[in-house]
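Just so we're aligned, residue 13 is where the sequence shown starts under our numbering, counting upward by one.
Step one of this worksheet: look at the structure below.
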Amino acid sequence: MAKELKIWMNGRLVSQAEAVLPVNSAAVFYATNVFEGLRAYWNEADGELYCFRLAEHFARLRESMKMMRFTVPYRDMDIYEAVREVLRGNEIREDVHMHCVAYVAGAGLDSTTPTGLYINPRRRGRITEGDGLRCCITSWQRTHDNAIPIRLKCGANYQNGRLATLQAKADGYDAPIFLNQQGTVAEGSGATFFMVRRGQLVTPPITSDILESITRTTLIDAVAPALGMDVVERDIARTELYVADEAFFCGSGYEITPILSVDRFPLGDGGVGAITQRLSTAYMNVVRGTDRRFPEWRMPVYKPVTVTV
Ligand code: PMP
C-alpha cells in the first residue's frame, strides 16, 4: 500500500490521525472554511516537482477569507514555504493534488477566531478513467451570488455540488452541469464549463455564478491563444449544449476533462473532440513544464528559490 502522506497543519507536519479539529468548531459544524485545490506535477527531465500557479491560488484563498471575514496568521511567503515543506517532507516525486484549507476553529456561527491552516497532499489521478463524462443538466440550481456566492470557495458551497452529483449518479449520469438562477449555463460541481460551437470556443462569463477558475484564465490568456484560438465569454443557453460540437470541464483537479454527451445527446460524434484534445495536450505541457513558457507559473519544490511576496 502507498505510504500515508503527512499533513502540514499550523506549522508542523503531522500524521492524518493527528490532523483533527474540535467537533464544536465552526469549521466542523458549519463548514466554516475556505480552500484551494491545486496540483503539482513531476517533471522527469528536470528532476523537479512544479506547483502550478500558487500565487493565483493564494490570492483567491485571501479573497475567500475576506468575504468570510476571517484571516489566518500566515503571510503568503509562509504558505509558499509550507507547500514546499509538506511536499519535500513526504518526498513526493510524482504528480500530486493538494487541499490548502483555512478554517475557523472557534465555536459559533459568527466566530472568526481562532483560525488555522492545513495543507493536505493527496494522490489523485485523472478525473475519468474513460474517454470522458456523460453529463446531465441538473434540476438543482447553482447558488446565486446573493445567497452563497460560488466566487467564494468555501466548503459549505460544495453541498450544492453534492446534491447535484448524487442526483446525477442516481439517474445514471457521470456528472451534473448547473444552470444559474437566470437559467443559463453556470459550471460543473467542481469545474468550469467550455463548449465548442461552430468552431468557436465559448465559456460563461465570471458573472454567471461560477468560481473564478484559474484553469479557465490559463486557457483564455495563454493556452488557447497559443493554438490560434480565442475564447468567447458569453451566456450559454441550455439547448446550445445539446447541439454543441464539443464540450469539456476544466479545473486544477479536472485538468481538461471531455464531456461526451449532455442529457444523452451525443456531442459531435460522441468521442473526444479534436479541439478538446489539442487544448488538453497543450495544457498538460504547460503545467508540467515540458512547454518551457510561463516559468513564473511553476514553483519548484526541491530547487532552492527565494520567494518575494
Ligand atoms: N468551479 C468550482 C466550483 C470548483 O470547485 C473548481 C475547482 N477549484 C473550479 C470551478 C475550477 O477552478 P480552478 O481552475 O481554479 O481549479
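Positions of the beta carbon are idealized from the N, C-alpha and C atoms, including for glycine.
Got a sec? Which residues, its chain only, sit under 6 Å from residue i by beta carbon, not counting five neighbours each side?
i	result
P217	E245
N172	T155
I268	F260, C262, L291, S292 and Y295
Less than 7 Å separating the Cβ of residue i from some heavy atom of ligand 1?
i	result
R228	yes
E75	no
I162	yes
A203	yes
I218	no
C148	no
S264	yes
I222	yes
E199	yes
G49	yes
G292	Note on residue identity: the sequence assigns Ser, not Gly, to residue 292. Outside the cutoff, so no.
Could you spell out where the beta strand (DSSP E) holding residue i opens and where it closes?
i	result
H156	Note, H156: premise wrong, no beta strand (DSSP E); not H, not E.
E245	V243 to E245
E267	E267 to V274
R1	Outside the shown range of the chain, which is 13 to 321, sits residue 1, and nothing can be said about it.
G211	Looking at the DSSP string, G211 is not in any beta strand (DSSP E), and its letter there is neither H nor E.
A114	V108 to V116
I218	From DSSP, I218 is part of no beta strand (DSSP E); its letter is neither H nor E.
So the alpha helix (DSSP H) residue i belongs to, where does it begin and stop?
i	result
E8	Nothing can be reported for residue 8, as the shown portion of the chain is limited to 13 through 321.
T230	I226 to T230
N297	A286 to R300
G173	Y170 to A182
R24	Per DSSP, R24 belongs to no alpha helix (DSSP H); it is in the beta strand (DSSP E), R24 to V26.
L99	D88 to G101
A38	A38 to F41
Going by DSSP, which residues form a beta bridge with residue i?
i	result
Y62	Y53 and P312
V197	L191
Y254	Looking at the DSSP assignment, Y254 forms no beta bridge with any residue, so it has no partner.
L129	A114
Could you pull out every residue in the same chain whose Cβ sits closer than 7 Å to the Cβ of residue i, ignoring the five residues on either side in sequence?
i	result
N102	L17, K18 and P133
Check your understanding: Contact between the stretch 229-236 and the stretch 286-294: three or more CB pairs below 8 Å?
Key -> Yes, the stretch 229-236 touches the stretch 286-294.
Point to revise | Inter-stretch contact at 8 Å, needing at least 3 Cβ pairs: the stretch 199-217 / the stretch 296-316 | key: Contact annotation: the stretch 199-217 does not touch the stretch 296-316, with fewer than three C-beta pairs closer than 8 Å.
Point to revise | At least 3 beta-carbon pairs within less than 8 Å: the stretch 115-133 vs the stretch 41-60 | key: With a cut-off of 8 Å, the stretch 41-60 and the stretch 115-133 count as touching, because enough Cβ pairs lie within range.
Review point. Looking at C-beta atoms only, is the number of pairs between the stretch 17-32 and the stretch 132-151 that lie closer than 8 Å three or more?
Key: Counting Cβ pairs under 8 Å, three or more are found: they touch.
Review point. Is there contact here, the stretch 139-150 with the stretch 76-96, by at least three beta-carbon pairs under 8 Å?
Key: Judged by Cβ distances under 8 Å, the stretch 139-150 makes no contact with the stretch 76-96, as fewer than three pairs qualify.
Practice item. Report yes or no: do the stretch 63-70 and the stretch 25-38 share at least 3 C-beta pairs separated by less than 8 Å? Key: No: fewer than three Cβ pairs fall under 8 Å.
Check your understanding: Is the stretch 103-114 touching the stretch 53-60, taking contact as three or more C-beta pairs under 8 Å?
Key -> They touch, by the three-pair rule.
Check your understanding: Does the pairing of the stretch 241-256 with the stretch 185-196 give three or more beta-carbon distances under 8 Å?
Key -> Flag = yes, the stretch 241-256 and the stretch 185-196 touch.
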